[in-house]
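Student: Residue numbers (the numbering used here): 115 to 442. This is the structure I have questions about; it appears just below.
As structure tokens, this is what we get:
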């Protein structure tokens with residue numbers, strides 16, 4: 115255990131404020147060398163005795179202005195994001211120039227997101243939409259409910275989340291192809307892990323196509339009309355990465371023309387999704403409000419990842435910090 119005192123400031127977010135206070139309270143009891151304070155409002159932080167003394171900054175999605183002001187006025191040695199996505203943080207030129215580690219909650223949200231992906235696959239494979247319609251109409255008619263067994267799942271973004279999707283999909287006997295920035299040897303779930311340059315080669319094989327990419331300038335609209343046309347007309351697209359990576363207009367067109375069977379989206383180009391978005395009325399689509407990672411113990415899981423990095427920080431070397439160039 116470190117004997118050096120550290121001042122930890124946690125910029126909390128209202129949605130999980132009480133849970134976060136509880137979990138950080140456990141950290142404070144476990145590590146008495148930490149002086150921890152949580153702030154909902156940025157001005158409260160600025161008016162506290164933590165301002166000017168904070169060396170560990172923990173935050174969820176905040177404005178870049180608040181981040182930069184914190185960095186400029188505190189002796190910060192490490193920034194940790196309670197979110198897995200860090201696209202609002204990595205664009206800080208000040209943070210990049212300081213050469214301090216940035217970590218995120220990688221791994222904390224994997225199970226919840228992966229379960230939602232499986233739920234979406236089953237929703238379409240078991241034709242749940244028809245089932246709901248029949249129940250509403252008091253119609254008792256048998257119909258076929260195919261299994262996921264031997265179907266092909268292609269995962270674009272075979273990182274922590276993508277691999278967990280593969281882990282659960284393997285239980286159903288699915289054939290799995292992972293696509294990531296650089297190819298690697300097959301693992302215990304995917305029979306092939308190929309580089310992203312081969313995307314078009316593998317799209318036609320997908321019965322289910324999961325997008326689990328982070329936000330990056332190189333992946334904007336990486337799936338558009340061309341890519342959708344390469345999918346089977348029986349394929350289902352699932353996006354749990356970032357909305358910016360999918361051309362929503364092209365998707366709407368593909369669903370109306372039945373170029374693909376269906377889509378399930380938990381992320382969107384603009385959030386919250388506006389009430390007048392065409393997506394709401396598009397056929398064969400399942401929409402959820404960036405919600406699939408909101409599991410019952412989400413804050414506990416996120417703080418557990420922070421604690422893992424905290425131990426590494428005490429040891430003098432954080433092993434898995436964010437790569438600013440890759441964006442994750």
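Yeah, the Cβ is synthetic: ideal placement off N, Cα and C, and Gly gets one too. Please read these numbers as outputs of a predicted model, since none were measured by experiment.
In terms of alpha-carbon separation, which member of 273, 283 and 272 lies closest to residue 263?
Tutor: 283
Student: With burial defined as no fewer than 16 other Cβ atoms inside 10 Å of the residue's Cβ, what is the status of residue 257: buried or exposed?
Tutor: Exposed, by the Cβ-count rule.
Student: Taking residue 353 as part of the beta strand (DSSP E), name the residues at either end of that continuous run.
Tutor: 350-353
Student: Could you have a look at residue 292 and say whether DSSP puts it in helix, strand or coil?
Tutor: strand
Student: Which whole-angstrom value is the C-beta distance of residue 198 and residue 237, which I expect to be below 8 Å?
Tutor: Actually they do not touch by this definition, with Cβ atoms about 24 Å apart.
Student: Looking only at C-alpha atoms, which of 308, 143 and 440 sits nearest to residue 331?
Tutor: 440
Student: Do residue 184 and residue 196 have their CB atoms nearer than 7 Å?
Tutor: no
Student: Drop a sphere of 10 angstroms on the beta-carbon of residue 249, count the other beta-carbons inside from all chains shown, and report buried for 16 or more, exposed for fewer.
Tutor: Taking every protein chain shown into account, the CB of residue 249 has fewer than 16 other CB atoms within 10 angstroms, so this residue is exposed.
Student: Tell me the residue span of the alpha helix (DSSP H) that contains residue 156.
Tutor: 156-160
Student: Under DSSP, the alpha helix (DSSP H) around residue 171 begins and ends at which residues?
Tutor: First-last for residue 171: 170-173, but that is the beta strand (DSSP E), not the alpha helix (DSSP H).
Student: Consult DSSP for residue 415 and reduce its assignment to one of helix, strand or coil.
Tutor: helix
Student: For a quick check, are the C-beta atoms of residue 125 and residue 173 less than 7 Å apart?
Tutor: yes
Student: Taking the alpha-carbon of residue 265 as reference, which of 385, 187, 318 and 326 has the nearest alpha-carbon?
Tutor: 318
Student: Can at least three beta-carbon pairs, one atom from the segment 387-400 and one from the segment 409-425, be found at a separation below 8 Å?
Tutor: At 8 Å Cβ cutoff, the stretches do not touch.
Student: So the beta strand (DSSP E) residue 377 belongs to, where does it begin and stop?
Tutor: It spans 376-379 - the beta strand (DSSP E) in which residue 377 sits, taken as one unbroken run.
Student: Ignore the nearest five residues each way along the sequence and tell me which others in residue 166's own chain have a CB closer than 7 Å to its CB.
Tutor: 187 and 188
Student: Our contact map puts residue 443 next to residue 269 with C-beta atoms below 8 Å; I'd like the distance itself, whole angstroms only.
Tutor: Since the displayed the chain opens at 115 and closes at 442, residue 443 lies outside it and no answer follows.
Student: DSSP beta-bridge partners for residue 231?
Tutor: Answer by DSSP bridge pairing: none, since residue 231 is not bridged.
Student: If we count the other Cβ atoms within 10 Å of its Cβ and call it buried at 16 or more, is residue 328 buried or exposed?
Tutor: buried
Student: Tell me which residues share the same chain as residue 294 and place their Cβ nearer than 6 Å to its Cβ, disregarding the 5 neighbours each side in the sequence.
Tutor: 272
Student: From residue 401 to residue 147, what distance separates their C-alpha atoms?
Tutor: C-alpha separation (whole angstroms): 45 Å.
Student: Using the rule of at least 16 other Cβ atoms within 10 Å of the residue's Cβ for burial, across every protein chain shown, is residue 234 buried or exposed?
Tutor: buried
Student: Taking the alpha helix (DSSP H) that residue 314 falls in, what are its first and last residues?
Tutor: 313-316
Student: Would you list the one or two residues that DSSP bridges to residue 194?
Tutor: DSSP lists 172 and 217 as partners of residue 194.
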